[in-house]
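For the record, the sequence lines run as chains H and W.
Residue numbering for the first sequence follows our numbering, beginning at 78 and increasing consecutively.
Residue numbering for the second sequence follows our numbering, beginning at 83 and increasing consecutively.
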Amino acid sequence: MIKHLLSAADLDADTATLILDTAGEMAALAEREVKKLPTLRGRTVVNLFYEDSTRTRISFEAAAKRLSADVINFSAKGSSVSKGESLKDTALTLQAMGADAVVIRHPASGAPDRLSSWVDGSVINAGDGTHEHPTQALLDAYTMRSRLGKLDGLNVAIVGDVLHSRVARSNVLLLTTLGAKVTLVGPPTLIPLSPGAAVSYDLDSVLPGADVVMMLRVQTERMQDSYFPSAREYSRRYGLDAARMRRLPEHAIVMHPGPMNRGMEIAPEVADSKRSTIVEQVANGVSARMAVLYLLLGGKA
Amino acid sequence: MTSSYVIRGASILGASPADLFVSDGVLVDSAPSNAEVVEADGLVALPGLVDLHTHLREPGREDAETVETGSRAAAMGGYTAVCAMANTSPVADTAGVVEQVWRLGREAGLVDVQPIGAVTVGLAGKQLAELGAMAASAASVRIFSDDGSCVADPRLMRRALEYVKAFDGIIAQHAEEPRLTEGAQMHEGEVSTRLGLTGWPAVAEEAIIARDVLLAEHVGSRLHVCHVSTAGSVEVLRQAKARGVRVTAEVTPHHLLLTDELAASYDPVFKVNPPLRTAKDVEALRAALIEGVIDIVATDHAPHAVEDKECEWAYARPGMVGLETALPVVLSVLGEQWDLIADRMSRTPARIAGLSSHGLSLRPGEPANLTLVDPAARRVVDPSGLTSKSRNTPYAGTTLPGRIVATFLRGEPTVLDGKAQK
C-alpha cells in the first residue's frame, strides 16, 4: 500500500479498486446499529485545514472516528508565511505530537507534497489549491460504480470550470486509470492546456452519449476575470437544466461535488431528480475516506 | 602583498600552454622580478567573467546576501565584474542608493560592482526615476532596469528608451506583460495543468519583447532584454536583429539547462521568474546563444533566505543563486568552446555594460582581469559549500564540469586554489 495519498496519480488500478472494495465494506458497516470499528484505536489523525471546508472536514472526522482513531482538528485558516507559523513549523509540531496521519486542506497547490517531506506519518490530500482532491475522486468513482455497476468503459462528462478544479484533475486521473472515458466540457477559457482527456465546448452534443454527467461548481467571480461574459450566458450554454437532462440516456446519472450554485451550473429540478447522486456522494465520502485511512494506516483488508 | 605573478603554463582560451605575467595590475610581456608563481598546468585562462544581471540584495535583505558576500561568490565563480540590479530596499532609484552600492563594492574589492539604476521610481512603473542623476553620479550608471517588474506602460517605456540616449544609456527590460501573468507560478503548459499551478504563458514575454524592439527601433535607442526564456522570444529577437534594431539579449544558465518538469516536486528551489520552460525552449535558447541571436549569459543570481524557499510553492519567492555555478553550467551546455564562452560571458557583457577594463584579450598591456579554470575537474554541487550567503541552488547533487581555480582582479588574486583570498 502507498504511504501518502497526494494525487489520484498515486493510485494504480489495483490499489484504486482495493480502496473502492474496502469502501463498500465500510458502507455496509454504516447500516449497522454500532457504526464503529476498533481498527485505528490509539492512532492519531490530524485534520489540518487551511481553508474552510466544513463538509470535507466533517467527512474525514466521521471516517476517522468510525475507525476509533483519535482526531485532532487543527484549523489554520488565515495562517500563512506572512501571517503566522510556517507550514514547516506546523509540520514539526504535528510530528512532535505523533500524528499517524495528517489530512490537509490547503489553498496552495502542492502543499501536501511539501508536508509529506517533513512528517513521518501518512499525508492525505483533502484538496490543495487548484491541484487535486483525490478522496473526492474516490468517492465519485465509488458512487458511479454503485449506481452503474462498473467503471470500465463508462462515458463521463465533467462540465464547468475545469481550469480551477481540483475535483476535475483528480477525477480525470482516477477514472482514466479505471478504464472510463472522460470528456471535459466547458467554455474554452475554463479548459486548461493539455488537460489529459477529450474536450468538447458543446454540452448538448455530449449529453446523449454520457453515462455520467459531473457538474462542477462555477464561481460567479470568474466573470469579473472575463472567463465568460455573464452568469446568465454561462448558465444558458453550460448549465444543466431539465431540458438538457432529457437528452441524457435513461440510465445516466448526474453528480456534483458540492456546494452547488443552484440555478447557475445546475437547475434545482435536476439537483433534486432521481438521477442526482448528490446526497449519496456525501454518504459515500465517509466510506471512501474510511477506506483510505484504514488502508494507509496499515489496516488489513 | 605581492603584486607580481607568473601564471605558469595556462592555456589561454584553450590554446597551447604559455606563461602569463602580471605586474602592478596589468599583464606584461616578461617575468617580473620577485614574482609569485601560480601553477596553471592544465588550466584554461579566460578573461574575467562579467555578469550583467546580479541581485546583491544590499541594501535591505542583508540576511540573504550583501555586496561583499555576493562579490565573493562572484569571484569564486570566475567573475571580475557584476552589475547589481536595482530592486533593493530602498530601491536603487536615486544617485544616493547607487553610490552606496558602488562604494560597498569598492570596499569589498572582490569584483567591480557596477550598479544598475531603476527605470521608474520605486519600480512602480509610474514615473521615471532620476536617470540622469544616476548616470552623473560616482556610480556612472548606464544600465537601467526595473527587473523583477516589467516596464509595462508602453508610453513610459518609450520615454525611458529615448531619455537615456542623452548619456548612452540602455534599458534592460524584464519582459513580462503583467496582465497575462497575474498569479502565475510556473510555465503555462502540460505540467502546470497537471500540477494545478497558475501558468505563466510564453506569450507574456514574447509580446513585450515584440513591442519593445519596435519601440527601440522607432526611437533609435538601445534595448537589452533580460533573461530570455522562450523559443518564441528567440524568433522575435532574430527578426529584430535582422532589421538592425539595437537590441541585445541575455539568457540565464538555468534556462539553458533546466525544464518545467522540475516543478513537479513542488520544491520552490525550482521557482524562478521567468519560469523554467520546456525542453523545446531550452534547445532554442542554446542554439540562439551559439548563433549570437542571444548575446550573452547572465546569471540572474537571486539569493533568498531559507524561509522564503522552505514553504509552499505559491508563497515562495522566485529566484536561484547562480554566480558560482554559471561557468560550469555553460561548460556543460557548450562544451569546451572557450572563445565562445569568453565572448558570451566576458567580452560581450562588458561591451554592453560599457565596462572598458573588462572582457579584454589576455595580452600585455591590458588589465589583469582573468580567471583560471580546470576543465577536467567535476564536482557535485553542495548547497552548504556555496560562498553566497544563500543556499537556493537548483543544482544540489548535480555533477557539473569545471572548477574555478583562481580569479585575478586588476592583478590581485581574489581566488587562489579555489579559495577566496579575502
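We put the CB at the ideal spot given by N, CA and C, even for glycine.
Backbone CA spacing between residue i and residue j [nearest angstrom]
i: alanine 242 of chain W; j: valine 290 of chain H; result: 55 Å
i: histidine 440 of chain W; j: glycine 130 of chain W; result: 7 Å
i: glutamine 255 of chain W; j: leucine 297 of chain W; result: 12 Å
i: glycine 230 of chain H; j: alanine 257 of chain H; result: 5 Å
i: leucine 251 of chain H; j: valine 487 of chain W; result: 53 Å
i: serine 156 of chain H; j: glycine 207 of chain W; result: Reliability of the predicted coordinates at serine 156 of chain H is poor, the pLDDT of 49 falling under 50, and no value is obtained from them.
i: glutamate 505 of chain W; j: alanine 408 of chain W; result: Summary: the structure shown does not reach residue 505 of chain W, with chain W confined to residues 83 through 504, and so no result is reported for it.
i: proline 446 of chain W; j: serine 112 of chain W; result: 9 Å
i: alanine 387 of chain W; j: serine 163 of chain H; result: 14 Å
i: glycine 161 of chain H; j: aspartate 145 of chain W; result: 20 Å
i: aspartate 281 of chain H; j: tryptophan 395 of chain W; result: 39 Å
i: proline 385 of chain W; j: tyrosine 219 of chain H; result: 48 Å
i: valine 158 of chain H; j: serine 84 of chain H; result: For valine 158 of chain H, the predicted structure reports a pLDDT of 41, less than 50, and the residue's modelled location is therefore unreliable. The matter cannot be settled from this model.
i: aspartate 294 of chain W; j: glutamate 343 of chain W; result: 30 Å
i: valine 497 of chain W; j: leucine 452 of chain W; result: 11 Å
i: isoleucine 253 of chain W; j: leucine 305 of chain W; result: 5 Å
i: glycine 204 of chain H; j: tyrosine 127 of chain H; result: 10 Å
i: threonine 489 of chain W; j: alanine 398 of chain W; result: 34 Å
i: glycine 206 of chain H; j: leucine 279 of chain W; result: 8 Å
i: leucine 215 of chain H; j: threonine 133 of chain H; result: 13 Å
Among the options, nearest to residue i - alpha-carbon criterion
i: proline 141 of chain W; options: W:Pro197, W:Asp101, W:Asp106, W:His306; result: W:Pro197
i: glutamine 209 of chain W; options: W:Leu238, W:Ser466, W:Val195; result: W:Leu238
i: alanine 176 of chain H; options: H:His333, H:Ser247, H:Asn150; result: H:Asn150
i: histidine 241 of chain H; options: H:Ser223, H:Leu251, H:Asn202, H:Gln296; result: H:Gln296
i: alanine 266 of chain W; options: H:Val180, H:Leu372, H:Leu125, H:Ser186; result: H:Ser186
i: leucine 205 of chain W; options: W:Arg188, W:Leu213, W:Asp228; result: W:Asp228
i: glutamate 259 of chain W; options: W:Asp250, W:Gly251, W:Ala292; result: W:Ala292
i: alanine 234 of chain W; options: W:Leu128, W:His135, W:Thr202, W:Ala435; result: W:Thr202
i: isoleucine 201 of chain H; options: H:Leu216, H:Val179, H:Met221; result: H:Val179
i: lysine 165 of chain H; options: W:Gly417, W:Glu288, W:Ser438, W:Cys393; result: W:Cys393
i: serine 505 of chain W; options: W:Pro172, W:Asp133, W:Ser171, W:Ala458; result: There is simply no residue 505 of chain W to check, as chain W begins at 83 and stops at 504 in what is shown.
Any C-beta of chain H under 7 Å from that of residue i
i: cysteine 165 of chain W; result: no
i: leucine 344 of chain W; result: no
i: glycine 401 of chain W; result: no
i: glycine 271 of chain W; result: yes
i: glycine 360 of chain W; result: Per the sequence presented here, residue 360 of chain W reads as threonine, with glycine not at that position. Not an interface residue.
i: threonine 275 of chain W; result: yes
i: tyrosine 348 of chain W; result: yes
Interface partners of residue i on chain H, CB under 9 Å
i: alanine 396 of chain W; result: Pro184, Ala185, Ser186, Gly187, Ala188, Gly206
Nonlocal neighbours in the same chain, by C-beta distance under 6 Å from residue i, ignoring five residues either side
i: alanine 168 of chain H; result: Leu192, Trp195, Val196
i: aspartate 456 of chain W; result: Leu125, Arg485, Val487
i: proline 334 of chain H; result: Gln213, Val244
i: serine 130 of chain H; result: Arg182
i: valine 110 of chain W; result: Phe103, Pro446
Own chain partners of residue i with C-beta closer than 8 Å, once the 5 adjacent residues on each side are dropped
i: arginine 90 of chain W; result: Asp101, Val119, Val120, Glu121, Ala122, Asp123
i: methionine 300 of chain H; result: Pro306, Ser307, Ala308, Tyr311
Chain W contact for residue i (CB, 7 Å cutoff)
i: leucine 270 of chain H; result: yes
i: arginine 313 of chain H; result: no
i: arginine 294 of chain H; result: no
i: arginine 191 of chain H; result: yes
i: valine 158 of chain H; result: Note that valine 158 of chain H scores 41 on pLDDT, short of 50, meaning its location in the model is unreliable; the coordinates nonetheless yield the value given after this. So, interface residue.
Chain-ordered chain H contacts of residue i [CB-CB under 8 Å]
i: glycine 302 of chain W; result: Those within 8 Å of glycine 302 of chain W in chain H number zero; the least Cβ separation is about 37 Å.
Cutoff 7 Å; reference residue i; Cβ partners in own chain excluding five residues on either side
i: lysine 112 of chain H; result: Leu106, Arg143
i: alanine 140 of chain H; result: Val363, Arg366, Met367, Leu370
i: arginine 368 of chain W; result: Leu338, Val415
i: proline 219 of chain W; result: In the sequence as presented, proline is not what sits at residue 219 of chain W; that position holds serine. Hits under 7 Å: Ala177, Val180, Glu181.
i: tyrosine 87 of chain W; result: Val104, Ala117, Glu118, Val120
Where residue i meets chain W, residues with beta-carbon distance less than 7 Å
i: glutamate 209 of chain H; result: Gly278
i: arginine 246 of chain H; result: Gly278
i: arginine 323 of chain H; result: The contacting residues do not exist; arginine 323 of chain H stays about 33 Å from chain W at best.
Amino acids of chain W, ordered along the chain, whose beta-carbon sits closer than 9 Å to that of residue i
i: lysine 165 of chain H; result: Glu389, Glu392, Cys393
i: arginine 134 of chain H; result: By Cβ distance, chain W contributes nothing, its closest Cβ being about 20 Å from arginine 134 of chain H, past 9 Å.
Residue-chain proximity (residue i, chain B), Cβ-Cβ < 7 Å
i: glutamate 244 of chain W; result: The structure shown has no chain B; the protein chains it does contain are H and W.
Near the ligand MN: residue i beta-carbon under 6 Å from a heavy atom
i: arginine 240 of chain W; result: The ligand MN is absent from the structure shown, which contains no ligands of any kind.
7 Å Cβ cut-off: residues of chain H touching residue i
i: threonine 176 of chain W; result: The premise fails here: threonine 176 of chain W is roughly 28 Å from chain H at the closest Cβ pair, so nothing lies under 7 Å.
i: tyrosine 87 of chain W; result: Going along chain H, no residue has its Cβ under 7 Å from tyrosine 87 of chain W, so there is no contact; the nearest lies around 48 Å.
Neighbouring residues, chain W, relative to residue i (Cβ below 8 Å)
i: arginine 243 of chain H; result: Gly278
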